[in-house]
Amino acid sequence: MTCVGPENPDQARLLRLLRDDGPRSRVELGDAVGLSRTRLVAEVGRLVAQGLVETAGPAASRGGRRSSLLRVAARVRFAGIAVGPAQVDVALTDGELNVLARRREPVDVRLGPEPTLARALELLGKLRAELGVGPLTGVGVALPAPVAFREGAPVSPPALPGWHGYGVRDALAAELGCPVLVDNDANVLALGEQHTGTGRAFDDFLYLKLGTAVGCGLVLGGTLHRGATSGAGAIGHLRLADDGPRCACGENGCLEAYCSDDALVREALAAVGAGRSAALAARSAGTGTLTVADVGKAAVAGDAAAQALIRDAARRLGRVLVGLVNFVNPGIVIIGGAASGVGPTMLAEIRSVVYRRSPPLATGSLPIVLSDLDDSAAMVGAARLISDNVFAAP
Ligand SMILES: [Zn+2]
3 MTCVGPENPD QARLLRLLRD DGPRSRVELG DAVGLSRTRL VAEVGRLVAQ GLVETAGPAA
63 SRGGRRSSLL RVAARVRFAG IAVGPAQVDV ALTDGELNVL ARRREPVDVR LGPEPTLARA
123 LELLGKLRAE LGVGPLTGVG VALPAPVAFR EGAPVSPPAL PGWHGYGVRD ALAAELGCPV
183 LVDNDANVLA LGEQHTGTGR AFDDFLYLKL GTAVGCGLVL GGTLHRGATS GAGAIGHLRL
243 ADDGPRCACG ENGCLEAYCS DDALVREALA AVGAGRSAAL AARSAGTGTL TVADVGKAAV
303 AGDAAAQALI RDAARRLGRV LVGLVNFVNP GIVIIGGAAS GVGPTMLAEI RSVVYRRSPP
363 LATGSLPIVL SDLDDSAAMV GAARLISDNV FAAP
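Mapped onto the working numbering, the consecutive letters of the sequence shown carry residue numbers 3 to 396.
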């Protein structure tokens, strides 16, 4: 296994600074980390000797002699792998976590971890060949599943039957010969927000992931909070009602059973069946089915039934969020993953519930916003996950 990495906390800080802020001159780096000139030169020299940092060209002059910019070396290459409920998505990034190349493919994840991961490795191999990328510095993996972080394995994942307890991290690390970390998708997306999204400006934020599954990533004091057994943020299966709709986990009345994409579609089909929406009926005509995108389009077009069922789901999310924001007191709530057309209606209702039901100390100035990242957020987040680990002091 290629083991490169910083030798001490100062080198780790320098690497993270170059990763997060891009090329910097020695003077700027010294100011930012508060190191003496001599010490800085020594630490940078070690990072250059290890092949982690390189010269990027001349820096803008500050009036003194010309200095050169430093950056994370071009040989530092991370990869992100995101397994979705029906696809794999892989990308290569540079040391600043910019996506250099990416491939996505539909995959039947129910066939189990081995064929799915083999496909991901194949796609990654193609990307590396195309870009001429040698050994990878590290790989981050997002799974649509609860993940035991220390073991690098999913735990009883409803969306990934047959994956329970499979050592995804160790299997990939053995194949790739580099460090690998695995986490659930809500956490990885929160890291994507932290690196390149709205979360960048906040030390404490809550990322609410909607879509096929509902989850939450929590960044506290600038660090992703996983909890004692990496179960933090698993809000999708909080029980709202014992007699509620059936959930993918086998229980009834979970938050996810009210608010996931499938739940919205279920309610939309019920509205069609009850003759409450001509717009949804027209969209389902012929096939007898609907997608969450249909629900979003009907809502945007002003269909009252579609809007009402989105608001109803959002109200339940809002009530859960009231508890979370009062307990955690985040600086911002970022909501991602909502289907196009669904997000704005959902956001308006969530805001209304949270602001109405919370005491002012926790929510007086709390922004609640939709994520402005595109669907590469998981790739950036996965790269961030592993780079935080590789760029850490031993
Ligand atoms: Zn459930």
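Every residue, glycine too, gets a C-beta built ideally from N, C-alpha and C.
### Query
According to DSSP, which residues form a beta bridge with asparagine 254?
For asparagine 254, DSSP records a beta bridge to Arg248.
### Task
Quick one: measure Cβ to Cβ for leucine 212 and glycine 383, integer angstroms, because I've assumed they're closer than 8 Å.
Leucine 212 to glycine 383, Cβ: 16 Å. No contact.
### Task
Please confirm whether any heavy atom of ligand 1 lies closer than 7 Å to the CB of alanine 250.
Relative to ligand 1, alanine 250 has its C-beta within less than 7 Å of a heavy atom.
### Query
Under 8 Å, do alanine 270 and leucine 292 count as touching if we go by C-beta distance?
Contact flag set, yes.
### Message
Closer than 7 Å to a non-hydrogen atom of ligand 1 - does that hold for the CB of cysteine 180?
### Response
Not under cutoff, so the answer is no.
### Task
Measure the alpha-carbon distance for alanine 236 versus glycine 59 and round it to whole angstroms.
Whole-angstrom Cα-Cα distance: 46 Å.
### Task
Leaving out five residues on either side along the sequence, give the residues of the same chain with a beta carbon under 7 Å from the beta carbon of valine 184.
Taken in chain order, the residues that qualify are Val143, Leu145, Val149, Gly154, Val170 and Arg171.
### Query
Smallest Cα separation from proline 282: which of Asp263, Ile352, Val392 and Ala303?
According to the sequence as given, residue 282 is leucine; it is not proline. With distances taken between CA atoms, leucine 282 lies nearest to Ala303 out of Asp263, Ile352, Val392 and Ala303.
### Query
From methionine 3 to alanine 122, what does the alpha carbon distance come to, in whole angstroms?
A caution first: methionine 3 carries a pLDDT of 43, below 50, which makes its placement in the model unreliable, though a value can still be read off. Rounded to the nearest angstrom, the two C-alpha atoms are 20 Å apart.
### Task
Indicate whether leucine 129 and valine 92 have their beta-carbon atoms separated by less than 8 Å.
Yes; because the gap between Cβ atoms is below 8 Å, this pair is in contact.
### Message
For a minimum of 4 consecutive residues, which ranges assigned as the alpha helix (DSSP H) are wholly contained in the region 354 to 386?
### Response
You should have 362 to 365.
### Expected contact under 8 Å - CB spacing of valine 400 and valine 216 to nearest Å
The first residue shown for the chain is 3 and the last is 396, placing residue 400 beyond what the model contains.
### Query
aspartate 188 to valine 324, Cα distance in whole Å?
Reading off the sequence, residue 188 comes out as alanine, not aspartate. Each residue's alpha carbon lies about 19 Å from the other.
### Task
Label proline 164 either buried or exposed according to how many other C-beta atoms from any shown protein chain fall within 10 Å of its C-beta, with 16 as the threshold for buried.
First, the residue type needs correcting, since residue 164 is glycine and not proline in the sequence shown. It counts as exposed.
### Query
By a C-beta neighbour count over all protein chains shown, 10 Å radius and 16 as the cutoff for buried, is asparagine 2 buried or exposed?
This structure cannot settle anything about residue 2, because the visible part of the chain is limited to 3 through 396.
### Query
To the nearest whole angstrom, what separates the beta carbons of alanine 14 and alanine 395, a pair I think is in contact under 8 Å?
A Cβ-Cβ separation of about 4 Å places alanine 14 in contact with alanine 395 under the 8 Å criterion.
### Query
Under the criterion of a Cβ to heavy atom distance below 7 Å, does cysteine 256 qualify as lining ligand 1?
Relative to ligand 1, the nearest heavy atom lies less than 7 Å away from the CB of cysteine 256.
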